[in-house]
Structure formats: structure tokens, C-alpha cells
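Notes to accompany the following structure.
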Amino acid sequence: MRRDDRREHRLLLMAGLASVLTALILIAAKAIAWLMTGSVSLLASLVDSVMDSLASLINFFAIRYSLVPADEEHRFGHGKAEALAGLGQAVFIAGSSVFLIHQSVAKLMDPQPISENGAGVAVMLFSIVLTFGLLIQKYVVRETGSTAIEADSLHYLSDLAVNVGIIVVLVVSQFGYLWLDGVVGLVIAVFILFSAWHIAYESAQLLLDREIPGEVREVITAIVADHPQALGFHDLRTRQSGRTQFIQLHVDMDQNLTLLQAHDLATRIETRIQEAFPMADVIIHQDPVAVGPKVTLDDRPPT
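Mapped onto the numbering used here, the consecutive letters of the sequence shown carry residue numbers 109 to 411.
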């Protein structure tokens, strides 16, 4: 294993473990705050943290499995375990949102005063500080391109807005706006449901081998154009499995090139593509194109 690979593996496992530990600490703190206040908004945040912990656990084990090298039965590696983990996350998160919608509607129909508001605000502030510590996930995503860590990071960052909203509820409820607790709980539930849909959609697209988003074609066009002996390319296909990107294309070459020359040209183009996409596995098929008189065995002068 290369040194860079070992470093990326450590970063991925560290980010996954940090996510799990953060979720467990938040569950304990929010459970105490909810028992003290009885706020449905805090219950919504607690359920969200429980779902976060389950999702983070799924992520952690999926990341560990996705890092297993390719073997005889999985020639392309185990990277799609991350996408499968994403679907698992979506199911858990969607289930929590349905529960929260029920609780929020019940709260709207029968508003109850919130007690121990100060304790609730303190827990939410603690949650915000702890969640900010997970900004390390952004660095890990930038370094590794992990789809599972990216999904986890987006979910935790969205929690910051949720926590701010709950603080507003706990403060404003002291002035008699009891209905706001149920409304914010309902908004959080809908937001969680939307997050579940987004995670499920992105995970499904990875499993369906969607083309790599971004300016891949433009970059490859420029790389091929930098090699005068390459006459163009076609049938570009891309997909992503975990952190690995697979790029396949046909490059048109003069049919009079020798096998060694054609192989050298393909290698130079492949190297440039891998420099542009460090996590890519590149396959180039060489297509002969007639641009001049083709030399055959019969055309060779007698010896």
C-alpha cells in the first residue's frame, strides 16, 4: 500500500470515528435536556442525533469495508459499500422524520409550556460547539473524495441551523408563543425528510454508475488536444465507486503508428488524465484511423 493510501485510510477512519463519538455525546446531552424541558423541538433534535449515530455507525463500518483492496471476487474493489451505506442512512433518517411529524402535530394541537429553558439553551449551545469540531470532515472530503463522509458532513452542518432554531424556540416560548415549539419541530421533521431523499438519490446514482459530475469531458478534451498524434477521442465513459473514479475512452491514432508508438501515446495521455484526476483508474482503447497510405506486408520492398 502506498504511503498516500495509508494516510487517506487513516483520515477516513478518523473522520468516521469522530462522527460516531460526537453523535453519542449529543444523544446523552439532548436526552437530559428533553427530559428537563419537555420541548418537542428538543425531542426532534434528540431523534435526529439518534439517527445521526446510527448513520455514522453504518458509515464507519462501510468505510472500513470500502477500503478493503480488490480481490478475486471484487475486481473493481469494494467502494460501492459507501453508496449502500448512504441508502441505509436514508431509511433511518426518513423513519425518524415520520415520528417527528406525528409528535409535532400532537404538540400543535395541545401546546404545553416549556420548563427549564436555560438548560435547553445551554445544551443547544454545547451541540453547536461540538458540531463545529466536525469541520474536520470537510478537510477529509477534500483530501479523499469520500462520498460517505461528504454525506455525513452535510447532515451535521445542517444541524447547526436546526440548533439555532431550537434556541429561538426556547427563548421565545417564555413570552407565551407555545405554538412555535410544534411549528419548529414540524419544520425540522420536513427538513430531515428532505435530507433523507437527497442522500438516497445520490447513493442510488452512484450505484447506477452515473457519469462523474463536473467538467471531466472538457478536461480530457484539452489533454488529448495537447498530443498532436492523437486525432481525437470518442466513447468517453465515467463512473465512480467509493473514492475511485473509472474513466474509459477510445483515442483515435494514425494507423501507421507502430504498436510501440501507439502504446507510448496512450500512456502519456493516461498519465495526464491521472494527474488531473488522482483517484482515477484510466483505460484507453487505441483506434486506428486512416490518414495516409497504409503499409501492408505486400507493400514492403523485396529484400
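Cβ atoms here follow ideal geometry from the backbone N, Cα and C, with glycine treated the same way.
CB Gly284 to CB Ser149, shorter than 9 Å?
no
Taking one C-beta from the stretch 151-164 and one from the stretch 294-302 each time, how about it: are there three or more such pairs within less than 8 Å?
yes
Enumerate in chain order the residues of its own chain whose CB-to-CB distance from Ile381 is below 7 Å, with the five nearest sequence positions on each side excluded.
Ile328, Ile331, Ile355, Ala388, Val390
Can you give, in chain order, each stretch of the alpha helix (DSSP H) that sits fully within the stretch 295-364 and has at least 4 residues?
324-333
DSSP has Ala450 in a bridge; who is on the other side?
For residue 450 there is no data in the structure shown, the boundaries of the chain being 109 and 411.
Would the beta-carbon of His186 fall within 9 Å of that of Gly322?
no
For His371, write down the residues that DSSP places opposite it in a beta bridge.
In DSSP, His371 forms no bridge with anything.
Please check the pair Ala198 and Ala304, which I expect to be a contact at CB under 8 Å, by giving their CB distance rounded to whole angstroms.
5 Å
Taking the alpha helix (DSSP H) that Asp156 belongs to, which residues open and close that run?
148-174
Considering only their Cβ atoms, is the gap separating His393 from Asp362 smaller than 9 Å?
In this structure, His393 does not lie closer than 9 Å to Asp362 by Cβ.
Only counting the same chain, and skipping five residues up and downstream in sequence, which positions put a Cβ closer than 7 Å to that of Ile274?
Ser149, Leu150, Ser153, Met232, Val292
Roughly how many angstroms lie between the CA atoms of Phe200 and Ile209, to the nearest whole one?
Taking the straight line from one Cα to the other gives about 15 Å.
What is the DSSP secondary structure of Asp407, counted as helix, strand or coil?
Because the pLDDT of Asp407 is 43, which lies under 50, any placement of that residue in the model is unreliable, and the question is left without a value.
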